[in-house]
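Asker:
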Amino acid sequence: MDFLENNAPTVAKSLIGWKFFVREPDGSLTGGMITETEAYTSEDVASHSFRGKTPRNEVMFGPAGHIYVYFTYGMHWCVNIVTGDSGDGQAVLLRAIQPTHNLATMRQRRANRPDPELTNGPAKLCQALAITGQDNGQSVDGPRFILKPPTAKQQNIMATKRIGISQDKHRLWRFIAT
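Going left to right, the sequence shown walks through residues 1 to 178 as the working numbering numbers them.
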């Protein structure tokens with residue numbers, strides 16, 4: 001997956017339409033198609049890597065293709081895929097997926113929310129896929145995580161301003177399948 005070595009904005013757009021799965025303890029896959037992402041780089045004031053490497057964000061500075069998981073608001077996990085060269089401090093936040101595999105498990109983890117609400121936000125996605133801080137640093141190339149290319153090119157992708165941040169709001173680094 002050499003394309004993950006590109007900069008975060010390029011990868012964030014490219015990931016739309018890819019499939020993202022977690023392998024359950026029983027071997028089954030839970031996940032779906034990536035429909036929304038956001039890019040973060042070390043030059044970006046809104047990025048965890050802006051002030052440099054710390055114990056919390058060190059995975060962002062590691063090789064591309066690893067999972068960076070962080071805890072936010074004292075209650076939610078969020079999952080990112082590290083991009084760029086080692087030392088760059090870049091990652092793509094997975095904001096939403098369209099669930100396709102193991103919906104019953106996702107419904108159970110999300111208290112039987114309606115299907116459109118299972119994974120339509122970064123914290124919801126982590127809850128539905130049971131992603132936690134224990135997953136931080138793992139590879140997207142198995143055994144726990146699986147990233148698969150799309151079967152067809154995603155035709156319509158909208159770029160917008162990122163949401164939920166207070167700085168560098170002007171960047172059109174949020175990508176959504178339309």
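No residue lacks a Cβ here, since even glycine has one placed at the ideal position from N, Cα and C. Here the structure is a predicted model, which means the values were calculated and not measured.
With a cut-off of 8 Å, do at least 3 Cβ pairs link the segment 121-139 to the segment 148-161?
Answerer: Touching, no.
Asker: Helix, strand or coil: which one does DSSP assign to Phe-21?
Answerer: Phe-21: strand per DSSP, three-state reduction.
Asker: Hey, would you say Thr-59 sits closer than 8 Å to Tyr-73, going by beta carbons?
Answerer: What sits at residue 59 in the sequence shown is Val, not Thr. No, these two residues do not count as a Cβ contact at 8 Å.
Asker: Let me check understanding here. Comparing Cα to Cα, which of Val-45, Gly-89, Trp-77, His-48 lies closest to Pro-65?
Answerer: In the sequence under discussion, the amino acid at residue 65 is Gly, which differs from the Pro named in the question. It is Gly-89 whose Cα lies nearest to the Cα of Gly-65.
Asker: Excluding five sequence neighbours on each side, which residues of the same chain lie with their C-beta closer than 7 Å to the C-beta of Pro-149?
Answerer: Hits under 7 Å: Trp-18.
Asker: How about the segment 44-61 and the segment 113-128: do they share at least three Cβ pairs that are nearer than 8 Å?
Answerer: Touching, no, given that fewer than three Cβ pairs across the two stretches are closer than 8 Å.
Asker: Given this structure, state the Cα-to-Cα distance separating Lys-13 from Glu-5, to the nearest angstrom.
Answerer: Each residue's Cα considered, the two are about 14 Å apart.
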